[in-house]
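Notes for the one structure printed next.
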């Protein structure tokens, strides 16, 4: 878990704290301890930090704020922050597939304790977590053999930090497709062909999928990820990885100015370091204004524009026609970097083909068998009467609801065949419920 040197250092830290009769061991004690590590010192020196000055500031703070125990026999206690840092460093290392926690991992974990005096001092000296990541990516390769027994430590740590960024804010769609969590794409050959063609451009290679909710914009991107995994794409797209950006996770918890920008830059650094990466932003209109401070102008869109214009970052976006006209297209500096692809509602025949292609998944889930007539009925009924929604999504919902209803009311384990009559019965039930719902809403209004 911890390297032998780090484990011994932590043990010595507790022994010295016990002898000094202090009540708590804090994050500052931990930072002071790891400043003796070669990699930690080198990373800070690359940020023009005077190590001795930093040690003095931390030591002075410890002397001023650490209480002394009344009972000499009472064991010294680690603060919650101290424990969180150690736990976080272990989690980061394990999640990246590595087995050993080293002092440089502790330094990275300390930056998550934004309320601590350690982070305050480091920030005052101009050091950020991004600086440490940057040093690990481009710093010196020669290391002191005494403190770096593993010559791959720098690369390993960099990979750990990259994995942390991916796990927190990005979802690997290729991985999802390889694990069978993404359905294969049915139809949409024209849209996929255009999507691949735009991605092949040298600049402005950013497709924008525009279509109503439920027509399958996200399914197109997931389908592309599936095609990449199964090697059914042109040669230039082989081994490319599509990452879905979690905008909510990116913004959540950013309390201070600069927190959000730092997170986004970490994401962009990670993506640009992966030569064959493609970023997917669902509901891309939400990035306009997302993350900007009150009265400020710096948001996700402004931070992405330079990379999108140069072609160093490829991005697929999706939005609806209303949001495209009312929000996205109003930002000309951003919209001109994208190539628009209209994703129209599929026809009844195309929707039937799509449902026939994916029905096996719903049959396995509900332990039923959908007849050909039931699929056609679901598409035609939803197209005729559910006018506020779009194919194929509304037809998929109808067969899913029918399968669920028959499954929960089944009397034995035998597979049930779903007929067109079952679809019609469920539709009438749904229609009755919707009429009551709208009647209540009208009465409330």
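Numbering (the working numbering), first residue to last: 70 to 514.
Quick reminder that beta carbons are idealized off the backbone N, C-alpha and C, glycines included.
Note that the structure is predicted; figures quoted are calculated from it, not measured.
Per DSSP, residue 458 lies in no beta strand (DSSP E) segment and is marked neither H nor E. Counting only the Cα atoms, residue 158 lies some 45 Å from residue 426.
DSSP, read as helix, strand or coil, puts residue 241 in strand. Residue burial is scored here from C-beta neighbours: residue 118 has at least 16 other C-beta atoms within 10 angstroms and is therefore classed as buried. Comparing C-alpha distances from residue 403 to each of 281, 79, 354 and 178 shows the shortest one belongs to 354. Between residue 254 and residue 295 the beta-carbon gap is near 6 Å, inside 8 Å, which marks them as a contact. Ranked by how close their Cα comes to the Cα of residue 286, the residues 484, 155, 97 and 462 have 462 in first place.
The distance from the Cβ of residue 423 to that of residue 195 is about 55 Å, inconsistent with a contact at the 8 Å cut-off.
For residue 330, the closest C-alpha among the options 356, 306 and 348 is that of 356. A residue is called buried when at least 16 other Cβ atoms come within 10 angstroms of its Cβ; residue 314 meets this threshold and is buried. Note: residue 393 is not bridge-paired with any residue in the DSSP secondary-structure output.
Cα atoms of residue 132 and residue 145: separation of roughly 16 Å, rounded to the nearest angstrom. If you check the CB distance, residue 389 and residue 280 come in under 9 Å. The beta strand (DSSP E) runs lying completely inside the stretch 260-326 and spanning 3 residues or more are 276-279 and 310-314, given in chain order. Linking residue 289 to residue 99 through their CA atoms gives a straight-line distance of about 49 Å. The beta carbons of residue 199 and residue 111 sit no closer together than 9 Å. Judged by DSSP in its simplified three-state form, residue 104 adopts coil rather than helix or strand.
Setting aside the 5 residues that flank it on each side, residue 410 is surrounded in the same chain by 260, 263, 264, 267, 276, 277, 278 and 279, each with a C-beta closer than 8 Å to its C-beta; the list follows chain order. Secondary structure note for residue 428: its alpha helix (DSSP H) is the uninterrupted segment 417-435. Annotation: residue 125 to residue 181 spans about 23 Å, alpha carbon to alpha carbon.
Of 171, 386 and 152, the smallest CA-CA separation from residue 73 is found for 171.
Residue 126: member of the alpha helix (DSSP H) spanning 120-134, first to last residue.
When the five nearest sequence neighbours on each side are left out, the beta carbons in the same chain lying within less than 8 Å of the beta carbon of residue 96 are those of 148, 150, 151, 154, 179, 182, 185, 186 and 187, in order along the chain. Burial is judged here by how many other beta carbons sit within 10 angstroms of a residue's own beta carbon; residue 106 has at least 16 and is buried. Sorting 174, 464, 431 and 455 by C-alpha distance to the C-alpha of residue 446 places 464 at the top. Apart from the 5 residues on each side of it in sequence, residue 381 sits with its Cβ closer than 7 Å to the Cβ of 341 in its chain, given in chain order. Rounded to whole angstroms, the separation of the alpha carbons of residue 438 and residue 417 is 21 Å. Residue burial is scored here from C-beta neighbours: residue 486 has fewer than 16 other C-beta atoms within 10 angstroms and is therefore classed as exposed.
Judged by DSSP secondary structure, residue 409 falls within the beta strand (DSSP E) whose first and last residues are 408-411.
Rounded to the nearest whole angstrom, the C-alpha separation of residue 128 and residue 94 is 13 Å. Beta-bridge partners assigned by DSSP to residue 386: 277 and 350.
For residue 305 against residue 242, the beta-carbon gap comes to about 18 Å, at or over 8 Å, which does not count as contact.
The Cβ atoms of residue 350 and residue 386 sit closer than 9 Å to each other. Here DSSP, grouped into helix, strand and coil, assigns residue 137 to strand. Put simply, of 283, 175, 474 and 374 the residue whose alpha carbon is nearest the alpha carbon of residue 104 is 175.
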